[in-house]
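Here numbering that gives the first Met the number 0 is used: position 522 in the sequence shown is 521, and no number is missing along the way.
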Amino acid sequence: MNTLLRLRFPIRQHLSGLYWTSNSNLEILKLEYTSIVKLVKNDTLSFNSYFNSFYEYYYKKYSYINECQYELSLKGSFRINVIREKLDHTKELINTIEFIDSATTKPVIIPLKAPDQLDQLGRIYLELICISDKAEFHEGKLLTQKKREREVSLAIICCTYKREQYIKNTVFSLLADGLLGQKEYIIFIIDNGNTLDQSDFNNERVKLIFNRDFGASGGFSRGMIEALEEDNFSHFLFMDDDVVLDSESIFRIFPIYEYSKYDFAVCGAMLDMLRPHLIHDAGAKFDFPLLTGDSADKRPFVTSILSSLNHGLYLQSSYELNLLLADLDINTGGFWLFACSRQVIGKCGLLMPFFLKFDDIEFNLRLKKLTSNRIIFFPSFSVWHEPFYLKKATWEIYYYPRNILICSAIHKNYRSIDVVFRLTLIFLGKLFFFDYNSVNLIILATQHFLIGPEHLISQDPEKLHHEISALSNLYAESKISICSVTSQIETLKFTSAVNVNLFAKLFYLITLNGHLLPDFMLDRTRQAYVLDWPSIFLTKVFGVKQIVVYDPCLGATMRTMNRLIALKLVRKWIVICLQILWQWNKVQDFWKESAIKLTSVDFWKKYLGLQ
């Protein structure tokens, strides 16, 4: 019998709702290697949860598993309900059995057979009702008698930069899992910060590799090189360093690939570490066009390039768990948790040398272009990740436009006029909010893109990053001591709308929000209070000399209009726009032609100084 999944105990008490629910406060006895749930008469232990549901729809559709069985280790007497819920939220009682036992721990076998029609499938969970005075639940597994289609060996690649405790906890969690230990895997830790110690990882399953800081793209690419050279891994799994995980997520990837009908990539869900019952991202769609119709795909969606799927789903709700059965069309998955076959790496190559941001997305775009593989989100394949909204940095505005432009040049066929239009929207949005640092970095990012691939590989990425960080604070902004926006008055100050007629909107657009007006036409007595993201509050900043921008993570910043700086930046931007219009096709061809080289093993070995 082969194990498909295990009924898991919560890894933290406050996460119990993601594992089970009960009508009483159950006693959990923790032993050295296991735990036991103790129940009394009429107590209910329901596995109607995110991690302990069996999402049979995905296993039937993408694997050869048609029949399986639960094996439960119980003590006492139980009534056991087997329940299926479907995407349309219908609920079906598949089976009810009663288990009568005295004092011994005895396995209970509950067979499952999937319906032939996909629309009859859903997610299955167990509900245990104690019918004796006392009872115990020891463990549960979902097993299959079917022979594996293939053996799977996994290279787990973790790229880290000064996240010592996170990475140690992750490694120790995986090594402590006995059933996972029966699988073939090696953990490659790529230490870009050179702060870890080999003595902390004295295990033959762990390989610590010190690397120059070439960012996430350099770390993951180094891990790919090391794993490829060992030549005995069938699959690769990529994982961020700043995560918390249940080792079951890694275990479940093995049977998914052992029984798969064909090759596909698997993207994991990012659960919000601060709001751990919410999905932040479980796959994404890249490049939704702003317009619809025949010309939609020719227009770059630069201002909102990604749309996260399943974002904000509350995983303690049965209704929202059923929404995960939708099997959405995904064209990119983040490397906080992502798996694919060795064949995919062979066809697609390594990552683009982006240093930071969008390297995983560009890899996914290549995967979709060069293979017929789907990218699938299997529910419960997840990690808790530090949320992006807590990791904002002012220098990010350089990497986003540069790398989006590179992705667009390689994988799309946009018109130069549309590229200018979309970039100018971002440029004006920042300029109107007196965010001259961001405007300057957008200009620099676009200049570096136009130079072509040579600039990307000729620069020392560490040195360039330090320069970008310094430029992100080139123009003075005043930090204001506002700890939080909590009171109703404070909230209204930042969120209340301002009614501006169409004539006024056009007037301030033409005058670059007052940058082209004399001082006497500006309101010096009023400050505009706005929240980030600024485009929502654009009308609030019309005609003022000073604004206060509040970001829950970065705090409040006061910005003052500076015509000299603004006009200098506008002149630079006009030159940039003319260059895009004149050079776009040529630059686009350069990037397309260079993409294969920049993602090759030979390039990365030379780039990282390995040869």
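By construction, the Cβ of each residue, glycine as well, lies at the ideal position given by its N, Cα and C atoms.
Cβ neighbours of Glu257 in the same chain (closer than 8 Å, five flanking residues each side left out) | Walking along the sequence shown from the start, residue 257 turns up at place 258. Same-chain partners within the cutoff: Asn1, Arg147, Glu148, Arg149, Glu150 and Val151.
Tyr261 (DSSP reduced to helix, strand or coil) = The residue labelled residue 261 in the question sits at position 262 within the sequence shown. In the structure shown, Tyr261 sits in coil (DSSP, three-state: anything other than H, G, I, E or B).
If I'm right that Phe353 touches Ser220 with Cβ under 8 Å, what's the distance once you round it to whole angstroms?
-> On the sequence shown, position 354 is the one that residue 353 refers to. On the sequence shown, position 221 is the one that residue 220 refers to. Under the criterion of beta carbons closer than 8 Å, Phe353 and Ser220 do not qualify as touching, at roughly 10 Å.
Same chain only: Cβ atoms within 6 Å of Leu4, ignoring 5 sequence neighbours per side = Residue mapping note: residue 4 aligns to position 5 of the sequence shown, counting from 1. Setting aside the 5 residues that flank it on each side, Leu4 is surrounded in the same chain by Leu141 and Arg251, each with a C-beta closer than 6 Å to its C-beta; the list follows chain order.
Can you round the beta-carbon distance between Val243 and Trp383 to whole angstroms, since I take them to be within the 8 Å contact cut?
-> Here residue 243 refers to the residue found at position 244 of the sequence shown. Here residue 383 refers to the residue found at position 384 of the sequence shown. Yes, Val243 and Trp383 are in contact; Cβ-Cβ is about 4 Å, under 8 Å.
Do three or more CB pairs link the stretch 224 to 233 to the stretch 357 to 372 at distances below 8 Å?
-> Not touching, per the Cβ criterion.
Could you check where the alpha helix (DSSP H) with Phe334 kicks off and where it finishes?
-> Residue numbering aside, residue 334 sits at position 335 when the sequence shown is read from its first letter. In the DSSP annotation of this structure, Phe334 is not part of any alpha helix (DSSP H), being labelled neither H nor E.
From Tyr124 to Tyr18, what distance separates their C-alpha atoms?
-> Stepping through the sequence shown from its first residue, residue 124 is reached at position 125. Stepping through the sequence shown from its first residue, residue 18 is reached at position 19. Per the coordinates, the alpha-carbon of Tyr124 lies some 11 Å from the alpha-carbon of Tyr18.
Please report how far the alpha carbon of Glu461 lies from the alpha carbon of Phe213, in whole angstroms.
-> The residue labelled residue 461 in the question sits at position 462 within the sequence shown. The residue labelled residue 213 in the question sits at position 214 within the sequence shown. Answer to the nearest angstrom: the Cα atoms are 7 Å apart.
Using the beta-carbon count (16 or more within 10 Å), is Lys591 buried or exposed?
-> One-based indexing of the sequence shown puts residue 591 at position 592. Under this definition Lys591 is an exposed residue.
Using the C-alpha atoms, what's the distance from Ala594 back to Asn512?
-> What you label residue 512 is simply residue 513 of the sequence shown in a count that begins at 1. What you label residue 594 is simply residue 595 of the sequence shown in a count that begins at 1. Roughly 40 Å between the two C-alpha positions.
Would you call the CB atoms of Thr393 and Ser307 closer than 9 Å?
-> What you label residue 393 is simply residue 394 of the sequence shown in a count that begins at 1. What you label residue 307 is simply residue 308 of the sequence shown in a count that begins at 1. Contact: no.
How many Å lie between Lys90 and Val438 at the Cα?
-> Position 91 of the sequence shown, counting from 1, holds the residue named residue 90. Position 439 of the sequence shown, counting from 1, holds the residue named residue 438. So the alpha carbons of these two residues sit roughly 54 Å apart.
With a 10 Å radius around its C-beta and 16 neighbouring C-beta atoms as the bar for buried, classify Val574 as buried or exposed.
-> Here the question's residue 574 lines up with position 575 in the sequence shown. Residue environment analysis places Val574 among the exposed positions, since fewer than 16 neighbouring C-beta atoms fall within 10 angstroms of its C-beta.
How far does the alpha helix (DSSP H) with Gln164 in it reach, from first residue to last?
-> The sequence position of residue 164 within the sequence shown is 165, counting from 1. Run containing Gln164: Glu163 to Leu174, per the alpha helix (DSSP H) assignment.
For Asn1, name the three-state secondary structure that DSSP assigns.
-> To locate residue 1, count along the sequence shown from 1; it is residue 2. In the three-state DSSP reduction, Asn1 falls in the strand class (E or B).
Of the choices Ser259, Leu236, Asp240 and Tyr261, whose alpha-carbon is the least far from that of Ser248?
-> As a working mapping, residue 248 is identified with position 249 in the sequence shown. Distance check between Ser248 and each of Ser259, Leu236, Asp240 and Tyr261 places Leu236 closest, using alpha-carbon atoms only.
Spatially closest choice to Val36 from Phe448, Gly139, Gln578 and Trp603, by CA coordinates | Within the sequence shown, numbered from 1, the residue matching residue 36 stands at position 37. Of Phe448, Gly139, Gln578 and Trp603, the residue nearest in Cα terms is Gly139.
Are three or more beta carbon pairs between the stretch 153 to 172 and the stretch 93 to 108 nearer than 8 Å?
-> Short answer: they don't touch.
Indicate whether the contact test is met: 3 or more Cβ pairs, each with one atom in the stretch 196 to 203 and one in the stretch 443 to 453, closer than 8 Å.
-> Too few Cβ pairs lie closer than 8 Å, so no.
C-beta atoms of Asn321 and Asp42 nearer than 9 Å = Sequence index remark: in the sequence shown, residue 321 carries index 322 (1-based). Sequence index remark: in the sequence shown, residue 42 carries index 43 (1-based). No; because the gap between Cβ atoms is not below 9 Å, this pair is not in contact.
Going by CA-CA distance only, name the one from Arg341, Val107, Lys504 and Ser131 that's closest to Ser233.
-> To locate residue 233, count along the sequence shown from 1; it is residue 234. When Arg341, Val107, Lys504 and Ser131 are compared, the shortest CA-CA separation from Ser233 is found for Arg341.
Assuming Ser76 contacts Leu44 (C-beta within less than 8 Å), just tell me the rounded distance between them.
-> Position 77 of the sequence shown holds residue 76. Position 45 of the sequence shown holds residue 44. The Cβ separation is near 13 Å, so there is no contact.
Alpha carbon to alpha carbon, what distance is there between Met557 and Ile546?
-> Taking the sequence shown and counting its residues from 1, the one referred to as residue 546 is at position 547. Taking the sequence shown and counting its residues from 1, the one referred to as residue 557 is at position 558. Pairing Ile546 with Met557, the inter-Cα distance amounts to about 6 Å.
Return the first residue and the last residue of the beta strand (DSSP E) that Trp383 is part of.
-> Sequence index remark: in the sequence shown, residue 383 carries index 384 (1-based). Note, Trp383: beta strand (DSSP E), Ile374 to His384.
Rounded C-alpha distance that separates Trp335 from His465 | Residue numbering aside, residue 335 sits at position 336 when the sequence shown is read from its first letter. Residue numbering aside, residue 465 sits at position 466 when the sequence shown is read from its first letter. Each residue's alpha carbon lies about 24 Å from the other.
If you draw a straight line from the alpha carbon of Thr58 to that of Leu364, how long is it in whole angstroms?
-> To locate residue 58, count along the sequence shown from 1; it is residue 59. To locate residue 364, count along the sequence shown from 1; it is residue 365. Note that residue 58 corresponds to Tyr in the displayed sequence, not to Thr. The alpha-carbon of Tyr58 is positioned some 25 Å away from that of Leu364.
Residue environment, Arg83, which counts as buried when at least 16 other CB atoms sit within 10 Å = The residue labelled residue 83 in the question sits at position 84 within the sequence shown. With 16 or more other Cβ atoms within 10 Å, it is buried.
According to DSSP, is Arg83 helix, strand or coil?
-> Walking along the sequence shown from the start, residue 83 turns up at place 84. Strand at Arg83.
Could you tell me whether the stretch 106 to 121 touches the stretch 55 to 70, using the rule of 3 or more Cβ pairs below 8 Å?
-> Contact between the stretch 106 to 121 and the stretch 55 to 70 is present: 3 or more CB-CB pairs across the two stretches fall below 8 Å.
Simplified DSSP state of Gly348, which is helix, strand or coil | Your numbering for residue 348 matches position 349 in the sequence shown. Here Gly348 sits in coil by DSSP.
Sequence-distant residues of its chain with Cβ nearer than 6 Å to Met560 (five each side left out) = Here residue 560 corresponds to residue number 561 of the sequence shown, with the count starting at 1. These residues qualify, in order along the chain: Phe433 and Lys544.
Three-state secondary structure (DSSP) at Glu66?
-> Translated into positions along the sequence shown, residue 66 becomes position 67. Correct three-state label for Glu66: strand.
So His310 is in the beta strand (DSSP E); what residue range does that whole segment cover?
-> On the sequence shown, position 311 is the one that residue 310 refers to. For His310, no beta strand (DSSP E) encloses it, and the DSSP letter there is neither H nor E.
Whole angstroms is fine: what's the gap from Thr445's alpha carbon to Gly218's?
-> On the sequence shown, residue 445 is found 446 positions in, with the first residue counted as 1. On the sequence shown, residue 218 is found 219 positions in, with the first residue counted as 1. Taking the straight line from one Cα to the other gives about 25 Å.
Nearest-angstrom beta carbon gap, Glu135 and Pro612 [assumed within contact, 8 Å] | Given that the chain is displayed from residue 0 to residue 610, the structure contains no residue 612 and the question cannot be resolved.
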